[in-house]
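Be aware that the sequence shown starts at 18, since it is given in this note's numbering, and climbs by one per residue.
Cβ coordinates follow ideal geometry from the N, Cα and C atoms, glycine included.
Notes to accompany the following structure.
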Amino acid sequence: MKRKLLKGIKNPLYATRYLARRTQKNISNLIIYHLFIDTEYLKSRYNTWDLYDRTEHLSTETCRTAMPYQDDTTLQKIEKPFYEFNQPSVTEIPNATIIGDVPLALTPNGKFILDVIHHGSYHASRTRRFSFRTIKKFPIDSIKTILKGDRSNTTKKIDTACILASPMNVNYFHWVTDQVLKLRAVEYYQYMTGEEVTLIIGSEESPFVLEFLDVLGYGKQYVELDEESMRVENLIVPSFPEPTPKNINWLQSKIVNRTNNDCKSRSEILYLSRQKARNGRKVSNYNDLERVLKDHNVKIVELGDITLEEEVQLLSNASAVISPHGAGLTAIMWGKDLVVVEMFNDVINAPYYTIAHVMGHDYIPIVENSVKDSKKRNSREDIKVDLSRIENVILDIKQDIA
């Protein structure tokens with residue numbers, strides 16, 4: 018903010034543009050605030066079941082405390098996503114309407130349901146972007162539903178359903194933590210009511226989405242979105258999920274217990290490679306790193322090349338995981354009592370240090386040298402690994418598990 022103020026004093030045109038952008042953003046946030054309703058509003062108006070996770074010992078402070086290199090002012094910190102660890106719940110909304118491919122869901126009185134998109138407290142920008150994208154693409158359906166609510170005409174109907182579709186599903190981390198964890202609440206609703214819930218997914222989901230649904234027993238219990246608005250007799254809306262201990266335990270019971278029948282001694286150290294990643298944080302001196310890893314019998318894994326079952330077996334039988342920051346570290350959720358070594362560039366990025374803390378993993382952060390690239394955001398820059406340091410870390414891990 019101080020840099021922008023100084024730049025604005027020197028360049029009035031910059032200041033004018035900056036103020037115009039800020040004003041536009043504030044107006045759109047105000048619109049979102051009035052159109053969207055959150056979990057507390059839903060709980061006050063509709064049938065809701067609480068899951069009672071006993072998260073009193075966890076809070077947003079947990080995330081801040083777990084963040085590494087807090088006192089290093091030379092490093093950029095990205096705290097999102099951070100978690101509030103609120104008690105999860107699931108709500109039943111009658112006569113809801115679904116619009117678009119994001120999608121947006123509206124109550125009978127034409128209010129947008131925030132928990133379908135994201136946790137509003139820390140991703141207002143994503144909520145704003147997704148909602149305006151849908152309203153722009155489907156203006157007539159959106160305006161009709163906002164004004165008329167459940168009196169708007171829709172030809173496509175479904176009985177009881179829960180939305181798992183999201184543009185963020187292309188990212189493995191967001192699919193697992195934002196959507197798969199909702200299924201715990203869906204199962205609880207089914208248990209409490211005896212109603213079967215159909216899942217609503219996107220029309221062009223990543224292969225791993227369908228793989229998860231098959232493993233979890235929902236392979237024939239979903240429908241795909243199209244561009245036609247949809248009326249849902251009972252829309253099941255879990256509060257936006259967070260990695261609470263009970264959510265993670267549920268996930269392990271559903272995924273690990275169903276796929277890992279090959280119990281081995283937990284002595285293997287894994288390196289999760291990002292060399293095939295499309296959006297950066299590759300290792301620039303990978304050939305040298307590969308020699309070090311192989312010298313110490315560290316298994317190199319390309320998660321994109323293996324099945325979910327193979328991934329779970331590897332991680333649930335591992336003793337340690339080494340990886341640059343990235344979605345592949347979601348796989349630490351399949352392990353127990355892991356040593357997690359996360360390599361950063363000049364940017365400390367959430368949330369794997371928080372997940373490791375919640376799960377009780379030993380967590381070792383390492384800041385490597387960023388390979389500067391003007392075409393990439395700082396958080397996407399590749400890294401050059403300090404080979405002697407990573408070798409010492411591996412030797413310490415091997416000594417601890419011996």
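### Task
Please name the residue or residues paired with Lys-66 in a DSSP beta bridge.
For the purposes of this step, residue 66 is taken as the residue at position 49 of the sequence shown. Note on residue identity: the sequence assigns Trp, not Lys, to residue 66. Trp-66 pairs with Val-107.
### Query
Considering only C-alpha positions, which residue in the set Pro-258, Asn-186 and Ile-116 is nearest to Ser-106?
Counted from its first residue, the sequence shown places residue 106 at position 89. Ser-106 has its Cα closest to that of Pro-258, out of Pro-258, Asn-186 and Ile-116.
### Task
Just the C-alpha distance for Lys-311 and Thr-276, rounded to the nearest angstrom, thanks.
Here residue 311 is taken as the residue at index 294 of the sequence shown, counted from 1. Here residue 276 is taken as the residue at index 259 of the sequence shown, counted from 1. Their backbone Cα atoms lie some 28 Å apart in a straight line.
### Task
Report, in whole angstroms, the separation of the C-beta atoms of Thr-124 and Asn-64, which I expect to be a contact under 8 Å.
The sequence position of residue 124 within the sequence shown is 107, counting from 1. The sequence position of residue 64 within the sequence shown is 47, counting from 1. 13 Å between Cβ atoms; not a contact.
### Task
Measure the Cβ-Cβ separation of Ile-180 and Ile-152 and say whether it is below 8 Å.
Position 163 of the sequence shown, counted from the start, is the residue given in the question as residue 180. Position 135 of the sequence shown, counted from the start, is the residue given in the question as residue 152. Taking 8 Å as the Cβ cut-off, Ile-180 and Ile-152 do not qualify as a contacting pair.
### Query
CA-CA distance, Ile-407 and Val-358?
Taking the sequence shown and counting its residues from 1, one reaches residue 407 at position 390. Taking the sequence shown and counting its residues from 1, one reaches residue 358 at position 341. If you take the alpha carbons of Ile-407 and Val-358, they lie about 9 Å apart.
### Query
If you draw a straight line from the C-alpha of Asp-363 to the C-alpha of Arg-283, how long is it?
Here residue 363 refers to the residue found at position 346 when the sequence shown is read from its first residue. Here residue 283 refers to the residue found at position 266 when the sequence shown is read from its first residue. Rounded to whole angstroms, Asp-363 to Arg-283 spans 32 Å at the Cα level.
### Message
If distances are taken between C-alpha atoms only, which option among Glu-73, Ala-419, Gln-292 and Ala-337 comes closest to Lys-353?
### Response
Here the question's residue 353 lines up with position 336 in the sequence shown. When each option's Cα is compared against that of Lys-353, the closest is Ala-337.
### Message
Less than 8 Å between the C-beta atoms of Glu-222 and Asn-186, yes or no?
### Response
The sequence position of residue 222 within the sequence shown is 205, counting from 1. The sequence position of residue 186 within the sequence shown is 169, counting from 1. A contact, by the Cβ cut-off of 8 Å.
#### Entry: C-alpha distance - Thr-77 paired with Tyr-370, whole-angstrom precision
Indexing the sequence shown from 1 puts residue 77 at position 60. Indexing the sequence shown from 1 puts residue 370 at position 353. Roughly 13 Å separates the two Cα atoms.
### Contact set for Lys-271: own chain, Cβ-Cβ below 7 Å, skip 5 residues either direction
For this step, residue 271 is matched to residue 254 along the sequence shown. The answer, listed in chain order, is Leu-233.
### Query
Between which two residues does the beta strand (DSSP E) carrying Ser-340 extend?
Position 323 of the sequence shown holds residue 340. Ser-340 -> beta strand (DSSP E) spans 335–341.
#### Entry: Thr-91 in three-state terms, based on DSSP
Here residue 91 corresponds to residue number 74 of the sequence shown, with the count starting at 1. Here Thr-91 sits in coil by DSSP.
### Query
Is it the case that the Cβ atoms of Val-402 and Val-300 are separated by a distance below 8 Å?
The count along the sequence shown starts at 1 and reaches residue 402 at position 385. The count along the sequence shown starts at 1 and reaches residue 300 at position 283. The answer is yes: Cβ separation under 8 Å.
### Task
Would you kindly work out how many angstroms separate the C-alpha atoms of Lys-319 and Arg-201, rounded to a whole number?
In the sequence shown, the residue the question calls residue 319 occupies position 302. In the sequence shown, the residue the question calls residue 201 occupies position 184. Note that residue 319 corresponds to Glu in the displayed sequence, not to Lys. Looking at the two C-alpha atoms, the distance is approximately 29 Å.
### Message
Beta-carbon within less than 6 Å of Val-315's beta-carbon, same chain only, minus the 5 sequence neighbours each way: which residues are those?
### Response
Position 298 of the sequence shown, counting from 1, holds the residue named residue 315. Ile-286 and Tyr-288.
### Message
Tell me whether the segment 56–63 and the segment 88–108 touch, counting them as touching only if at least three CB pairs, one residue from each stretch, are closer than 8 Å.
### Response
yes
### Task
Sort Gly-236, Glu-398, Gln-87 and Val-254 by Cα distance to Arg-295 and report the nearest one.
Along the sequence shown, read from residue 1 onward, the residue named residue 295 stands at position 278. The shortest C-alpha separation from Arg-295 is found at Glu-398.
### Segment limits, beta strand (DSSP E) that includes Ala-122
Stepping through the sequence shown from its first residue, residue 122 is reached at position 105. Its beta strand (DSSP E) spans residues 121–123.
### Query
Would Pro-260 pass as a contact of Thr-194 if the rule is Cβ separation under 8 Å?
The sequence position of residue 260 within the sequence shown is 243, counting from 1. The sequence position of residue 194 within the sequence shown is 177, counting from 1. Contact: yes.
### Query
Touching or not, the segment 196–216 and the segment 66–86, by the rule of three or more beta carbon pairs under 8 Å?
yes
### Query
Between the C-alpha atoms of Ala-122 and Ile-115, what's the straight-line distance to the nearest angstrom?
Taking the sequence shown and counting its residues from 1, the one referred to as residue 122 is at position 105. Taking the sequence shown and counting its residues from 1, the one referred to as residue 115 is at position 98. In a straight line, the C-alpha of Ala-122 is about 4 Å away from that of Ile-115.
#### Entry: Per-residue burial, Gly-219 [other beta carbons within 10 Å of its own, 16 or more giving buried]
The sequence position of residue 219 within the sequence shown is 202, counting from 1. So Gly-219 counts as buried.
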